[in-house]
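Using full-length UniProt numbering, read the sequence shown as starting at 1 and increasing by one per residue.
Cβ atoms here follow ideal geometry from the backbone N, Cα and C, with glycine treated the same way.
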Amino acid sequence: MSQARDRLKEFKKKAVIDTNDLTIDVENGSDEINFFLTRIRNQKNELDQIQQSILHIKKMQTKILSNPALDNKTKDELENLMREAKKLFNNIRKEIKETTKIVTDEEKSTNDKYIASVRIKRTQLNALLRQFTEITNEFYTSESDYKDRYKQKLNDQLAITGKNLRPEEIDQLIDKGEASIFTEGIIANTKGAIESVKEIENTHAEILKIAKNLEQIHEMFQDMNNLIVEQGIEVDNIEHNIIVTQDYVEKANVDIEKAVTSKGKTRKNKCILLVIGIVILVIIIISVSVSFAT
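As structure tokens, this is what we get:
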């Protein structure tokens, strides 16, 4: 009896250890998900910060274009904002690529990549990729618009000096990168003419800076776009399988409800048949008894 009690104690002790291990596993899984979600949240905050920088940049650009008399301090401030925004973009791009690798590696390593934790990570990553793409596109569109407005400004400046060029001609001359192409033939023998030449050269220099920014933004966009394309088929498959799974679960729930209803009806029918059977049996017994009595 004592030996049986000892074994019972040993079994209970083992059961507690197993339970504790299971609790630790669950908690570790929860911590791991929370860590991932915190990572995503931080990256989204960084993207929000970039978006705020873009809004600030757009305001500065409008201010510069609407007031040509602004000093170089304002333009320097804009350049610093652009430099900081591009730095933030490059940093977040690296972080998102690392996050993407974490998710894709986990999807490849697990036998069931449609389990809840993996689906949560994939959904959060997709949202992050979309947000990055939207902000990058907004940044590129903003810079492209800024470049177009500067080109219009250059065209207006050239018109003052008597040079009327078509937009495509201005594009060709800008691509050559030499401001002297725009100012040749202008006789700078007066203060006004000298200022016109200087303004044209400054405008051309600004356009070249903007073109360089556009090129860098486009490279970032293209890099992430390639990553999204690589993820695209997998993303679609996951979303498709989630939808199929949800449909299957919903159908199963409906079938269960039907089965429960059907089972209830079957029981009811059995009871009715049993009662009818008993009544028939009683009638037969009574008939037989009456026959014997006669």
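Beta-carbon spacing of L154, I200 below 8 Å: Numbered from its first residue, the sequence shown carries residue 154 at position 154. Numbered from its first residue, the sequence shown carries residue 200 at position 200. In this structure, I200 lies closer than 8 Å to L154 by Cβ.
Backbone secondary structure at N164 - three-state DSSP: Reading the sequence shown from its first residue, position 164 is the one you call residue 164. Coil at N164, not helix or strand.
Residue nearest to N225 in terms of C-alpha spacing, selected from K73, N137 and I40: In the sequence shown, residue 225 corresponds to position 225, counting from 1. That would be N137, whose Cα lies nearest to the Cα of N225.
N67 - DSSP class collapsed to helix/strand/coil: Mapped onto the sequence shown, residue 67 falls at position 67. Note: N67 maps to coil in three-state DSSP.
Three-state secondary structure (DSSP) of I217: By 1-based counting over the sequence shown, the position of residue 217 is 217. Correct three-state label for I217: helix.
Coarse secondary structure for T110, derived from DSSP in three states: Looking up residue 110 in the sequence shown gives position 110. Three-state result, T110: coil.
Residue burial classification, V103 (beta-carbon count within 10 angstroms, cutoff 16): If you number the sequence shown from 1, residue 103 lands on position 103. Under this definition V103 is a buried residue.
Three-state class that DSSP yields for I102 in the structure shown: Against the sequence shown, residue 102 aligns to sequence position 102. If DSSP states are grouped into helix, strand and coil, I102 belongs with the helices.
Residue burial classification, N91 (beta-carbon count within 10 angstroms, cutoff 16): One-based indexing of the sequence shown puts residue 91 at position 91. Label assigned to N91: exposed.
Coarse secondary structure for I115, derived from DSSP in three states: As a working mapping, residue 115 is identified with position 115 in the sequence shown. Coil, per DSSP.
C-alpha gap between Y150 and E95, whole angstroms: The residue given as residue 150 occupies position 150 in the sequence shown. The residue given as residue 95 occupies position 95 in the sequence shown. Their backbone Cα atoms lie some 34 Å apart in a straight line.
Cut-off 8 Å between Cβ atoms - residues of its own chain near I135, not counting five sequence neighbours on either side: Locating residue 135 in the sequence shown gives position 135, where the first residue counts as 1. Contacts found: L47, I50, Q51 and I54.
Minimum C-alpha distance to A64 - residue among T203, Q231 and I217: Position 64 of the sequence shown, counting from 1, holds the residue named residue 64. What sits at residue 64 in the sequence shown is Ile, not Ala. Comparing Cα positions, the closest option is T203.
Per-residue DSSP class, three states only, for S142: Sequence index remark: in the sequence shown, residue 142 carries index 142 (1-based). Three-state DSSP puts S142 in a helix.
Own chain partners of K44 with C-beta closer than 7 Å, once the 5 adjacent residues on each side are dropped: Locating residue 44 in the sequence shown gives position 44, where the first residue counts as 1. Within the same chain, K44 has close Cβ partners L128 and Q131.
E230 to Y140 span [Cα, whole Å]: Sequence index remark: in the sequence shown, residue 230 carries index 230 (1-based). Sequence index remark: in the sequence shown, residue 140 carries index 140 (1-based). E230 and Y140: Cα-Cα distance of roughly 22 Å.
Between the CA atoms of M60 and T74 - distance to the nearest angstrom: Numbered from 1 along the sequence shown, position 74 holds the residue referred to as residue 74. Numbered from 1 along the sequence shown, position 60 holds the residue referred to as residue 60. One C-alpha to the other measures close to 8 Å.
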